[in-house]
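In our numbering, the protein residues as written are 266 to 404. All C-beta atoms, glycine included, are put in the ideal place defined by N, C-alpha and C. Keep in mind that this is a model prediction, so the values were computed, not measured. These notes are about the structure you will find just below.
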């Protein structure tokens, strides 16, 4: 079973898309459900964590404490003058698999000491919802 961590105010599209892709193998967990007992982590083999917010860092800490593997989406990115960079980098260091949006982000993770074999350039999953079939120009 794979857990998908969701922040209440976060974009629902990412969470819904991942949940639909994983089907019955996944369950959505609100970040606020995490506690020292690790209750939402029971029975999970992996937890998917998107991004760089402090709420996600709490979920990552709980996962590490309970030996649940972390799949981190959007690691290696950089936001000038933002505290988010510290949280994102901490989550990346705790993760065992990294799905990054661009090769630039892959290179940044490698410079941070992340094993290149664990980094996959997958693009930004949130953009998938904008994919539409091409419009035919023939009438």
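Check, Outcome
"In whole angstroms, give me the CA-to-CA distance for residue 344 and residue 353.", "10 Å"
"Curious, which full-length alpha helix (DSSP H) runs of at least 4 residues does the region 339-389 contain?", "349-359, 368-376"
"Which same chain residues end up closer than 7 Å to residue 361 when comparing Cβ atoms and leaving out the 5 residues on each side of it in sequence?", "334, 335, 383"
"Going by other Cβ atoms of all chains shown within 10 Å of its Cβ, with 16 needed for buried, is residue 380 buried or exposed?", "exposed"
"Identify the continuous alpha helix (DSSP H) that holds residue 329 and give its terminal residues.", "319-330"
"Report the residue from 331, 368, 357, 355 whose alpha carbon sits nearest the alpha carbon of residue 309.", "331"
"Less than 8 Å between the beta carbons of residue 325 and residue 359, yes or no?", "yes"
"Taking only three categories from DSSP, how would you classify residue 333?", "coil"
"Could you pull out every residue in the same chain whose Cβ sits closer than 7 Å to the Cβ of residue 386, ignoring the five residues on either side in sequence?", "365, 367, 368, 371"
"Suppose the cutoff is 6 Å on Cβ atoms and the five residues either side in sequence are ignored; what does the same chain contact list for residue 375 look like?", "381"
"Could you name the residues that DSSP lists as bridge partners for residue 315?", "338"
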